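See the structure below:
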């Protein structure tokens with residue numbers, strides 16, 4: 456344990472020097488030139504990692520420094536936020552493992568560690584690398600999902616605007632693909648705002664719809680019933696033959712709807 460404590464102190468005290476050597480060894484394995492900015496960032500990262508490792512060697516089995524968890528999460532979040540790919544991070548790990556293994560074998564010989572002590576250190580290295588990978592990937596996925604959800608909410612707002620035409624008349628153009636989430640957005644967010652526009656007649660235009668499945672189409676046409684309960688006249692336009700077939704398959708009855716080929720025809724009829 457005395458030798459391991461000495462190794463831990465050695466890693467912490469010589470982290471900068473060791474990081475330079477590890478980075479240089481990894482870069483030499485590449486067949487392309489690495490930008491100076493990336494090299495400097497890698498050195499800074501490995502300095503922190505070596506300090507993490509120095510702390511973990513004297514920790515109880517399975518424990519890890521909280522700083523490693525924090526750094527790994529920030530690394531994943533930063534990559535997601537910048538639009539990067541998780542593979543950009545994961546590709547560095549194989550060479551990193553080899554470089555660390557080579558260095559700690561040398562350090563073990565220098566400090567006259569026995570085989571069991573060297574294996575213990577290498578196990579800690581691999582444990583920390585695996586933990587770092589997991590935390591980085593989880594953070595990347597969480598941040599990426601948050602960004603996708605935010606973007607989707609913005610798209611939903613833009614793809615279902617209420618457009619006033621004249622007093623009491625407005626158009627609700629539906630754009631893109633309609634899935635369950637968009638159907639819920641229409642019913643729970645868009646429709647409740649319509650009475651505030653003092654609309655007495657609403658034209659719902661389907662000409663911008665790319666795809667709509669049978670299940671969702673039934674939800675969309677429930678909008679008709681909700682608006683009618685609010686005393687708003689509803690007119691449908693732009694329903695293409697293939698869309699009409701899916702709507703009919705969902706059980707919707709067109710006989711009670713006012714349907715026109717285009718918004719222009721509907722307005723003229725008003």
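In our numbering, the protein residues as written are 456 to 725.
Glycine included, every Cβ here is placed at the ideal spot set by N, Cα and C.
The model shown is predicted, which means the values in this text are computed figures rather than measured ones.
CB of residue i within 8 Å of CB of residue j, strictly
i           : j           : result
residue 559 : residue 580 : yes
residue 582 : residue 617 : no
residue 720 : residue 691 : no
residue 588 : residue 633 : no
residue 661 : residue 685 : no
Same chain only: Cβ atoms within 7 Å of residue i, ignoring 5 sequence neighbours per side
i           : result
residue 722 : 620
residue 512 : 459, 462, 463, 576, 579
residue 717 : 692, 693
Given residue i as reference, the closest of the options once Cα atoms are compared
i           : options            : result
residue 711 : 700, 689, 695, 698 : 689
residue 683 : 720, 573, 511, 647 : 647
residue 461 : 549, 572, 496, 477 : 572
residue 500 : 477, 486, 489      : 477
residue 459 : 570, 588, 484, 633 : 570
residue 725 : 538, 657, 568, 675 : 657
residue 556 : 675, 473, 701, 467 : 473
residue 639 : 594, 482, 675      : 675
residue 636 : 604, 584, 485, 497 : 604
residue 650 : 687, 622, 601, 566 : 687
residue 548 : 537, 584, 564      : 584
residue 600 : 562, 568, 544, 538 : 538
residue 553 : 498, 644, 481, 696 : 481
residue 466 : 594, 563, 596      : 563
residue 595 : 568, 644, 551, 525 : 525
residue 655 : 644, 631, 626      : 626
Presumed contact (8 Å Cβ cut-off) between residue i and residue j, rounded CB distance
i           : j           : result
residue 629 : residue 659 : 7 Å
residue 470 : residue 505 : 4 Å
residue 527 : residue 590 : 4 Å
residue 544 : residue 530 : 7 Å
residue 492 : residue 550 : 19 Å between Cβ atoms; not a contact.
Beta carbon proximity, residue i to chain C, threshold 8 Å
i           : result
residue 722 : In the structure shown, chain C does not exist; there is a single protein chain.
8 Å Cβ shell around residue i - same chain, five flanking residues per side excluded
i           : result
residue 681 : 642, 646
residue 677 : 642
residue 494 : 478, 482
Cutoff 6 Å; reference residue i; Cβ partners in own chain excluding five residues on either side
i           : result
residue 598 : 532, 535
residue 679 : 689
Inside the stretch 525-591 only - beta strand (DSSP E) runs reaching at least 3 residues: Scanning the stretch 525-591 from its first residue to its last, no whole beta strand (DSSP E) run of 3-plus residues comes out.
Taking only runs of the alpha helix (DSSP H) that begin and end inside the stretch 478-521, which ones reach a length of at least 4 residues, in chain order? Correct list: 491-512.
Give, in chain order, every unbroken run of the beta strand (DSSP E) that is at least 3 residues long and sits entirely within the stretch 600-650. List check, beta strand (DSSP E) in window: 618-621, 624-633.
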